[in-house]
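A short worksheet on the structure shown next.
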Amino acid sequence: MVELLALLLLTTIFGVVLGYANVKYRVEGDPVVDQIDALLPQTQCGQCGHPGCRPYAEAIASGEAINKCPPGGQPTINSIADLLGVDAPSLDEEHGEESDIQLVAFIDEPNCIGCTKCIQACPVDAILGAAKLMHTVIESECTGCDLCVDPCPTDCIEMIPATDGRNVARWKQPDLIATSERGIVHD
Amino acid sequence: MIKVHTIPGGIHPETHKSMSNGSAAERIPTPDRLWIPVSAGLKYESEPIVNVGDSVKRFTQLTQPKHAFAVASHSPISGTVAAIEMRSVVAMPERQVLMIAIDNDGNNESERRAPMALDELSGAQILDRISRSGIQGQGGAGFSTQIKIAASKQVTHLIVNGVECEPYITADDRLMRDYSDDIMLGIQCIAKAMQLTQITLGTEDNKPQAFEAMQNAAAAANINMQWGVVPTKYPSGSEKQLIQLLTGQEVANGKLPADLGILMLNVGTLAAIGRAVVHDEPVTERLVTITGEACERPGNYWVPLGTPIDALQTFAKDGAKAQWIQGGPMMGVRVTDTTAPITQVTNCLLIQPAVKSTSEMPCIRCSACYEACPMQLLPQQLLWHAKSNNEQKLKAHNLFDCIECGACDYVCPSDIPLVQYYRAAKDELRAAESDRVRSEHARNRFEQRQARLERIEQEKIAKREARKKAAEAKKAAKQVDSDTTTSDKPKAGLLAAAMAKAETSKAPALSAEKLTKQVSNLEAQLIHQQQLLEEAGDDEKRAKIDARIKNTRIKIDQAKAKLASIDDQEQPNA
Ligand code: SF4
Ligand code: SF4
Ligand code: SF4
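Chains A and B are the protein sequences, given in the same order.
Each residue of the first sequence is one higher than the one before, starting from 908 at the first, in our numbering.
Each residue of the second sequence is one higher than the one before, starting from 724 at the first, in our numbering.
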């Protein structure tokens, strides 16, 4: 009898504690989606088949393949695989190819008729302009998503390599200078 | 003479210094064309302020800094701006930067300078002259001297770095012997401008003549200095290492020498400061040690900045297949493009006989690298993680503390070019970090845009509703109007309108009748769409129709829900 009472008491206490914790420490939103979203490149290009990176993060959280993001490429796939504890597949080429060079949109301004169609297409407000006035792309804000190219009626938007430091050459793993070639030998 | 402390790690390679330090510095013939990188130091941007075709004199300013850490460049010769175009830098063929070509006209004309005696210059004037002379650290790192000084407000102690610990290089040695006056001027400038109380020279015990020359010059200039002679060991001349040797203090992880009240400047930098402040001459040349086993006349040479390495080809021994290294044998990089120019960081050009490179062998975990590392890192672990690009582990093992001294490279029995793995890994990590910042920024902009579009949509809906209500109220008011007598028309009319307004604001937007009709319409639409779906051929079309069907379903549900709520309201009244 006493045992039963004790058990009852314990379960009640734990129940209350857990119930309280559930209310008090509730996590807003879906943390997995947030974590996945943090790993996606935020290009917002929609090549994965979703209207932006976050929707794709949501889709991944509910089981979609993780290899549909070409701008992120293999590094992104690897880190998502790491996060979810699954094997990293290679990029699904159906959605596009991974590129070494980061591109940004460039408007050939003399041909711009000021239609504002590209402004409406740009997911990150990287295009500046107004109706019947010349438009231009703010390079530092452009994610290179390509979405503004098609809507342009005069085909004056081109994707060119970014010049704002995104493509600066980096040191590569050794092809430089072997130790023995330096003309000093160790003792 | 002060007591010298010790540092961990370090190596004792053959110094090979006597090859090049036997005679005083000479001048090379000025080449026909110089190429001046627009962004000196390459990392921080400046922009050209001359155009193709402009004629320039020696000391004419060519570029204006855009970034606070950038420095200006000045023309080393008189001549014409022949081109401004993208060219490769010394060690990365893929990397192109904007450069200005100056064609030498041979007239050797200079712009008027305004030399002033040190006594007549105020501290602020001194700093101003330093900041417009485009001085970068001449020890090899190339950081903007002006910024280094500006970041050292609380400093009381100047350490003059004359250690030059890297094998083969003797530029600082020769500078101290032959140009100690300029160095002393630089020391006096800094001491005056920054109100220093303590000045120490640090040098290695293998440069007795330089040491003597400096002592004599200090006595002549009446400068009270302390003298620290450290035993020859590589890399004693590295900033953190020398501070520890001379003061016994360690510069903690993530801290700067300024946090210990110390400013360290290389002797070359100080000489440049002396000339810039007193003679009003910006940096347009530097002393370069040209040496190596395949070098014809090893020695030290004043080379105008922008001299293409090609113009120095005569220094290579005839017939020898040589390879060129910019910098010393420990920290230098292979010259991949000999059209690339000499810059302020080029302290040495090493010309070595080309040897067949042995390939790197696996790490045998001998831990020789650990013992040699002056920063007490774990080079073999860093190598491991650099190869697998493991960001967290690299950071945990303090990759960014590595000073790229190459001591580990030197001792590694497996001939592994460790430092290059670290350089690549550092670049990789920095790029990853800036990608993260960039995508965070894009995410914010995307979300803000979404929120804005949402808000605009809501506002549109609200406006539409308001218009509709206003129209209905008007209609109701008209009706009431025609019912009432003419005498109390205005009053009653207003009242009725107000009541009607109040009513409509409560009343459902659509009548039950209309809603029922809408539902049946939508249902018909749905059937039609389902038919279309069955007929549709390709997936794309199907997906589109699918979306439309979903939409219709939602509309039907909404209409039905509204209908139900109207029914609920009407029941009690009935
Ligand atoms: S400017 Fe064009 S390519 Fe750049 S983010 Fe906007 S829509 Fe994409
Ligand atoms: S290069 Fe880096 S890891 Fe190697 S010894 Fe020097 S500080 Fe240590
Ligand atoms: S010195 Fe070379 S072989 Fe020895 S532990 Fe270090 S990396 Fe490995």
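Ideal Cβ positions, reconstructed from N, Cα and C, are used throughout, including at glycine.
For clarity, every value in this text was computed on a predicted model and none was experimentally measured.
Nearest-angstrom Cβ-Cβ length linking residue i and residue j, presumed shorter than 8 Å
i       : j       : result
G980/A  : L991/A  : No, G980/A and L991/A are not in contact; Cβ-Cβ is about 17 Å, not under 8 Å.
S875/B  : L986/B  : 4 Å
I1013/B : L924/B  : That belief does not hold up - the Cβ atoms of I1013/B and L924/B are roughly 26 Å apart, past 8 Å.
V940/A  : E965/A  : 5 Å
R897/B  : A936/B  : Wrong, their Cβ atoms sit about 10 Å apart, outside the cutoff.
I1065/B : L1028/B : 6 Å
Burial state of residue i, where buried means 16 or more other Cβ atoms lie within 10 Å
i       : result
V761/B  : buried
F1025/B : A quick correction: the sequence has Trp, not Phe, at residue 1025/B. Looking at its Cβ environment, which holds fewer than 16 other Cβ atoms inside 10 Å, W1025/B is exposed.
S845/B  : exposed
E1226/B : Only weak support is given to the placement of E1226/B: the predicted model assigns it a pLDDT of 49, under 50, and the question is left unresolved by the model.
K1039/A : exposed
P838/B  : exposed
P736/B  : buried
V1160/B : exposed
H1108/B : buried
N744/B  : buried
T970/B  : buried
H1251/B : exposed
C1089/B : exposed
Listed by chain order, chain A residues near residue i by CB distance under 7 Å
i       : result
R1146/B : W1078
E817/B  : A1076
R1172/B : P1030, V1031 and D1032
Q1103/B : Result: empty, since nearest Cβ-Cβ is about 15 Å, beyond 7 Å.
Q1181/B : The contacting residues do not exist; Q1181/B stays about 18 Å from chain A at best.
Q1115/B : Residues of chain A passing the Cβ test: none, with the nearest at roughly 10 Å.
Separation of residue j from residue i, as counted between CA atoms
i       : j       : result
A1130/B : A1095/B : 6 Å
N989/B  : I858/B  : 12 Å
T783/B  : A824/B  : 14 Å
G733/B  : G1051/B : 16 Å
Q1103/B : L979/B  : 27 Å
E971/A  : F1169/B : 23 Å
R1166/B : N830/B  : 57 Å
V1031/A : A1037/A : 16 Å
K1229/B : Q1241/B : Low confidence applies to K1229/B: its pLDDT is 46, below 50, so where it sits in the model is not reliable, and the reading given next is rough at best. So the two alpha carbons sit approximately 21 Å from each other.
M1084/B : K975/A  : 38 Å
G951/B  : V727/B  : 7 Å
T893/B  : R1077/A : 30 Å
S1210/B : K1197/B : The pLDDT assigned to S1210/B is 49, lower than 50, so where the model puts this residue is not dependable, and the model offers no usable value.
R1146/B : I1020/A : 47 Å
G922/A  : Q1281/B : 40 Å
P1295/B : I1289/B : Annotation note: pLDDT 49 at P1295/B (below 50); position unreliable, no value reported.
K956/B  : C888/B  : 7 Å
E1019/B : I1034/A : 58 Å
V794/B  : A763/B  : 6 Å
A943/B  : T1062/B : 43 Å
L916/A  : Y927/A  : 17 Å
P1231/B : A1155/B : Bear in mind that the predicted position of P1231/B carries a pLDDT of just 48, short of 50, making it unreliable; the figure below should be weighed with that in mind. In a straight line, the C-alpha of P1231/B is about 55 Å away from that of A1155/B.
R1265/B : A1259/B : 6 Å
M1098/B : Q938/B  : 31 Å
Residues that residue i contacts on chain B, provided the C-beta gap is smaller than 9 Å
i       : result
E1048/A : H1164, A1165 and R1168
G959/A  : F1169 and Q1173
P948/A  : D1158, R1161, S1162 and A1165
Spatially closest choice to residue i from the options, by CA coordinates
i       : options                               : result
A840/B  : L1101/B, G997/B and A1196/B           : G997/B
Q949/A  : C1049/A, I1026/A and A1037/A          : C1049/A
A994/B  : K1285/B, M822/B, V883/B and C1086/B   : V883/B
A941/B  : T879/B, A916/B and L908/B             : L908/B
S778/B  : C1018/B, Q932/B, D828/B and V1000/B   : D828/B
N1244/B : K1264/B, I1279/B, A1266/B and R1265/B : I1279/B
Q1173/B : P958/A, D1015/A and Q954/A            : P958/A
R1009/B : Y902/B, P788/B and E768/B             : Y902/B
H1002/A : A928/A, P978/A and P982/A             : P978/A
Partners in chain A for residue i, counting only beta-carbon separations shorter than 8 Å
i       : result
D1150/B : R1077 and W1078
R836/B  : The premise fails here: R836/B is roughly 36 Å from chain A at the closest Cβ pair, so nothing lies under 8 Å.
Q1049/B : Those do not exist, as Q1049/B stays about 11 Å from chain A at its closest Cβ, beyond 8 Å.
Q921/B  : Within chain A, no residue comes near Q921/B; the closest Cβ sits about 36 Å away, beyond 8 Å.
Q967/B  : Neighbours of Q967/B on chain A: none; closest Cβ ~24 Å, over 8 Å.
Within chain B, the residues that residue i reaches when beta carbons sit closer than 8 Å
i      : result
P938/A : Near P938/A there are no residues of chain B at all, since even the closest Cβ is about 16 Å away, more than 8 Å.
Q951/A : A1165 and F1169
Chain-ordered neighbours of residue i on chain A, where CB pairs are closer than 9 Å
i       : result
A1154/B : R1073, V1075 and R1077
Within chain D, partners of residue i - CB distance below 8 Å
i       : result
P1060/A : No chain D is part of this structure, whose protein chains are labelled A and B.
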